[in-house]
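Trainee: One structure is given below, represented as structure tokens, and several questions about it will come after.
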Amino acid sequence: MDAGLKAKLLLISAPAGFGKTTLVSDWVLQQKILAAWYSIDASDNDVTVFFSYLITAMRSISPDFGESALTLLASPNQVSKESILRLLINELFALPEQILLVLDDFHLITNHEVVALFAYFIEHLPSNTHLAILTRADPLLPIAKLRSQHQLVELRLADLCFSVNEIYSLFNRKLNIKLSLPEVQSLAGKTEGWIAGLQLVALSLRGNENSAAFIQNLKGDNRYIMDYLIEEVLKIQEPEIKDFLLKTSHLKQLSAPLCNAVLERQDSQMILERLERNNMFIVSLDAERKWYRYHHLFADLLKQRLFSTDKSTITQLHIKASAWFHESKLHSLAIGHLLHIKKYEDAIRLLSETGEVMWEKGQHSSIMEFGDLMPSEVTIKYPEFCLFYGWVLITSGQIQKAAPLLASAEAITRNRIATGEAEGSPTEHLKKLLGKIAVAVAYQNSFLGRPDIILEYCHTAMANLSEEDPLWFSWGWYVVGMAHLANENIYESTEALKKALAFGKQSGNIYLITTIGITLGFNEGRLGLYKISYERSAGLLEFMKERGYGALVKTDWTYAVLYANMAAIQYFWNDLEGAFENIEIAHNLCINEANITSKVLVLIFYSVLLHNQKDFAGAGKKLKEIEAILQKNKVAPVLESMYVGCNATFLVHQNKLEKAHEFLEEHGVGAGKVITYTNEYCYISYALLLMAEARMDEAFSLLTQLYEMACAQSRIERMIEIKIFFSIIYQTRGEKEEAMTSLIDSLRYAAPDEILMYHLNYLEQINSLLQEVFRKPLAVKVELPKLFLEKLKRAVDSRKIQPADNSGLTIREKETLELMAENLSNQEIADKLFISLNTVKTRLKNLYVKLEVDSRTKAVEKAKEMHII
């Protein structure tokens, strides 16, 4: 046991009745180990419940442990569980002492998701934390790997069986029950050192004067012996105690108030303590002696005996227990008792009352389990439960199974409103219920790509929901935003999402806030509102930190898209260092996660950055990763269009025109096809290909169509790019005035949000025109902000700067050196270059390393010596 404190895992695996719990609890007390104890129940097969109880157990050691994780677990739509575990693991690292976390009865955990997450937890456990798992069977954890790494200590059946000498010592010295050596040897042979059997023998012998005859009559396997012994033990109990034991055997956990309610008596606490003193197979679950449980074998045999002797009372006992748990707000336990006796109508009425609370607390696995146990003909009659069961099914990918539940819920609720048959429910309650159902149906159809149906149900939702319920009102506005986006109305979508975000923040639901913020930032970027979009993403990250989730935003894949969005904007601002910093964070967050949407978006943005740096191999590798994902998974059409557009554009830029043609044709892109917002990424690259092939008239016609689409939705970023393409075409035709007009239009669109990269990407074709703009008199420039033109000119000029020989410095680092030489502060440099203060500090560190200096002054001096500046 002591060796377990030098390993990650102490595994104690043996059948019931071999003293696992007693062994560990005694050892913890004797060694004075800082330990947290979690006694697992079969109802803990829910990710939220399991890890909530684990955190609660840890709080016996550290009272504030897992505060952020608990909040995230208790969320209707959660962030990834691995991220929550990373929060817990980081907190474990911070604990100053060695601790032991004991998980008793781990064999009761059968949910594969719980087991998989706990395996992840074990793998990343810090060295100051050790686990003890008590189980009847080896769990599906990485036991072999831990064994090979010498991180596992095992105790098994052979280690726990009592030997002849130990049995002799137990009976003759500890219990003062005098047995001869032959009797002990016989007992050892019959029980095979089984401690539970030995304990029952000891209890039975207390009322038996002929121990030799009793032991001689003991025969059969362990189950038979246990059955025989329980009869012997019950026979010598007082009627009151026997009745108590039998009628409380159906309770998985016992407390005095619960037993008093079920048995209609007032002395249960005294009886529980008496049973504990007499070693009657009862285990205390806390230090205050408030909660107990029977040894599992003992409870099973008591239940069998009750079933055979007093079957008629069992139903009433379960009903009373359910009522007590319901009153105590332990709803899952209350429902479990009703389902055990197949009181389905009572169970689903209780589920209808408590389903929303369970949903809000993130107990989705429990809702799923109860829904699966319930007969479908009963379930569809209760719209409240259908709503939350349907929602959980949708989020788990079972959309088809959810559809009839939501349809039934809608039909029943509409009928009750229309006929006034509210069954005691106020009409206002029914309207709210209809609004929530409408949100769920809209949410369901958002996965099926049905914008008209989504919008129809959005109208129903918003007509029946109110600001008084910010969580549902926010979800309502979110699906409105998604409906408009599906209909290619980005402006309307953005306005709806702004309202959704405001109410989402009122609700405090972190997942909802993040989901809305990500979609909103993406929309604003498409509208060319880069500053607002960037501030939206950065502000959301700051909001999370203020709420105590600073660690989460750099561990959960949900936030990968926020970092990727900031990276994309920084790229268009020509802040490439900042862009690479954020895209790498995004990549690390999502690359090993299951969320395909985030992964594809991040890989697209990453490939664009790498291609911009002329790392064609790196960009191609990212595109290959996307291709592998698309071959195995169905993704949103717009993502596939972005991938196709990027790949084709890269081929054109590398002058691989034939390959670009083949690639676009392979993906159905060509003349005469229907163009939509979804596939326009493909057609922008197709227009670029036509220009490269000198098919300017065809390109102009296609771009005109694309420009009209972009103008209709005020999508500034697309308008900038197309105006640049127009300028290039006009220049090719010799129409310089029109070329200049188009270029100035593109600059006017780009100026408010200082979008530079579109012009830099086509600098070779438009540089002569840009230089004219820079030289134009004030009357021409007045419509273009001076700071924007200065920034663009600096960026254009930097493209011409050749790296100094042997310096190894980047263009950006040389820019920074020049400003350092002017004695500007870090903040002034940041302002001048339009980059963040952190980016300036990063550049300074790199400069010091490359120039082999340790201060700003020395860096400037050495740069002058090397003729870098």
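Offset between the sequence shown (1-based) and our numbering: plus 770. Note that the Cβ used here is the ideal one computed from N, Cα and C, for glycine as well. Since the structure is predicted, the reported quantities are computational estimates derived from the model, not experimental observations.
Suppose only complete runs of 4+ residues qualify. What are the alpha helix (DSSP H) ranges in the segment 925-977, listed by chain order?
Mentor: 927-930, 934-939, 951-961 and 965-975
Trainee: Is it buried or exposed for asparagine 1234, if we count other Cβ within 10 angstroms and need 16 for buried?
Mentor: buried
Trainee: Considering only C-alpha positions, which residue in the set Gln919, Phe876, His877 and Leu858 is nearest to proline 896?
Mentor: Leu858
Trainee: Is there contact between the segment 1422-1431 and the segment 1387-1395, where contact requires at least three CB pairs shorter than 8 Å?
Mentor: no
Trainee: Hey, is the segment 1336-1350 in contact with the segment 1608-1617, meaning 3+ C-beta pairs nearer than 8 Å?
Mentor: yes
Trainee: I'd like the list of long-range same chain contacts for tyrosine 1341, defined as Cβ closer than 8 Å, with 5 residues on each side in sequence excluded.
Mentor: Ala1349, Phe1375, Val1378, Leu1379, Asn1382 and Met1527
Trainee: So leucine 968 and isoleucine 937 are supposed to be a Cβ contact under 8 Å. How far apart are they, rounded?
Mentor: Contact between leucine 968 and isoleucine 937 is confirmed by a C-beta separation of about 6 Å, below the 8 Å threshold.
Trainee: Taking three-plus beta-carbon pairs below 8 Å as touching, is the segment 1234-1250 in contact with the segment 1196-1213?
Mentor: yes
Trainee: In chain order, what residues of the same chain lie with their CB nearer than 6 Å to the CB of glycine 1274, ignoring the 5 residues before and after it?
Mentor: Closer than 6 Å at Cβ, skipping near neighbours: Ser1244, Leu1282, Ile1283 and Ile1286.
Trainee: Ends of the beta strand (DSSP E) at isoleucine 1521?
Mentor: Note that residue 1521 is alanine in the sequence shown here, rather than isoleucine. Counting along the chain, no beta strand (DSSP E) covers alanine 1521, and no H or E run does either.
Trainee: Contact check, alanine 864 vs isoleucine 854 under 8 Å by CB: the rounded distance?
Mentor: So it is not a contact: roughly 16 Å between Cβ atoms.
Trainee: Do arginine 1518 and leucine 1562 have their C-beta atoms closer together than 8 Å?
Mentor: No. Outside cutoff.
Trainee: With 16 as the cutoff for other CB atoms within 10 Å, does threonine 961 come out buried or exposed?
Mentor: buried
Trainee: Straight-line CA distance for isoleucine 1536 to glutamine 1483?
Mentor: 27 Å
Trainee: Which stretch, first to last residue, makes up the beta strand (DSSP E) that contains tryptophan 807?
Mentor: In the DSSP annotation of this structure, the continuous segment of the beta strand (DSSP E) that includes tryptophan 807 starts and ends at 805-809.
Trainee: When the Cα atoms are used, what is the spatial distance from leucine 1267 to glycine 1295?
Mentor: 14 Å
Trainee: I need the DSSP call for glutamine 1572, collapsed to helix, strand or coil.
Mentor: Caution applies to glutamine 1572, whose pLDDT of 45 falls short of 50 and renders its modelled position unreliable; the value that the coordinates give is listed next. Three-state result, glutamine 1572: coil.
Trainee: Going by Cα to Cα distance, which pick from Trp1343, Trp1327 and Ile913 is closest to isoleucine 1366?
Mentor: By alpha-carbon distance to isoleucine 1366, the top candidate from Trp1343, Trp1327 and Ile913 is Trp1327.
Trainee: Decide if the segment 804-811 is in contact with the segment 931-951; the criterion is three or more beta carbon pairs, one per stretch, under 8 Å apart.
Mentor: As far as the Cβ criterion goes, the segment 804-811 does not touch the segment 931-951, which means the pair count is below three.
Trainee: For glutamine 955, which residues from the same chain have a beta carbon less than 8 Å from its beta carbon, with the 5 sequence-adjacent residues on both sides left out?
Mentor: Beyond the five residues adjoining it in sequence on each side, glutamine 955 comes within less than 8 Å, by CB distance, of Val934 in the same chain, given in chain order.
Trainee: What is the residue span of the alpha helix (DSSP H) that valine 1630 lies within?
Mentor: 1626-1635
Trainee: Count the other CB atoms within 10 Å of the CB of cysteine 1481; is the residue buried (16 or more) or exposed (fewer)?
Mentor: Cysteine 1481 is exposed by the Cβ-count criterion.
Trainee: Between which two residues does the beta strand (DSSP E) carrying histidine 900 extend?
Mentor: 899-905 is the span of the beta strand (DSSP E), which, as asked, contains histidine 900.
Trainee: Considering just the uninterrupted stretch of the alpha helix (DSSP H) at serine 1471, what are its terminal residues?
Mentor: 1466-1482
Trainee: Please name the residue or residues paired with serine 783 in a DSSP beta bridge.
Mentor: Thr905
Trainee: Just verifying my parser: in three-state terms, what is the DSSP assignment at tyrosine 1532?
Mentor: Coil, per DSSP.
Trainee: Could you spell out where the alpha helix (DSSP H) holding aspartate 1013 opens and where it closes?
Mentor: 1009-1017
Trainee: What does the alpha-carbon distance come out to for the pair leucine 770 and isoleucine 810?
Mentor: Nothing can be reported for residue 770: it is not among the residues displayed for the chain, which extend from 771 to 1639.
Trainee: Is isoleucine 869 helix, strand or coil when you go by DSSP?
Mentor: strand
Trainee: Comparing alpha-carbon positions, which option in Ile1605, Ile1639 and Ala1600 lies nearest alanine 1591?
Mentor: Ile1639
Trainee: From what residue to what residue does the beta strand (DSSP E) around tyrosine 1064 run?
Mentor: Tyrosine 1064 -> beta strand (DSSP E) spans 1061-1064.
Trainee: With valine 1408 as the anchor, note down where its alpha helix (DSSP H) starts and where it stops.
Mentor: 1407-1423
Trainee: Might you give, ordered along the chain, the residues of its own chain that have their beta carbon closer than 7 Å to the beta carbon of alanine 1192, omitting 5 neighbours on each side?
Mentor: Only weak support exists for where alanine 1192 lies, its pLDDT of 48 falling under 50; the coordinates are left without a value.
Trainee: Give me the residue from Gln1036, Leu775 and Lys1632 with the minimum Cα distance to valine 1619.
Mentor: Lys1632
Trainee: So, are the CB atoms of aspartate 816 and glutamine 1170 less than 8 Å apart?
Mentor: no
Trainee: Report yes if the C-beta distance between alanine 1026 and leucine 1042 is below 8 Å; otherwise report no.
Mentor: yes
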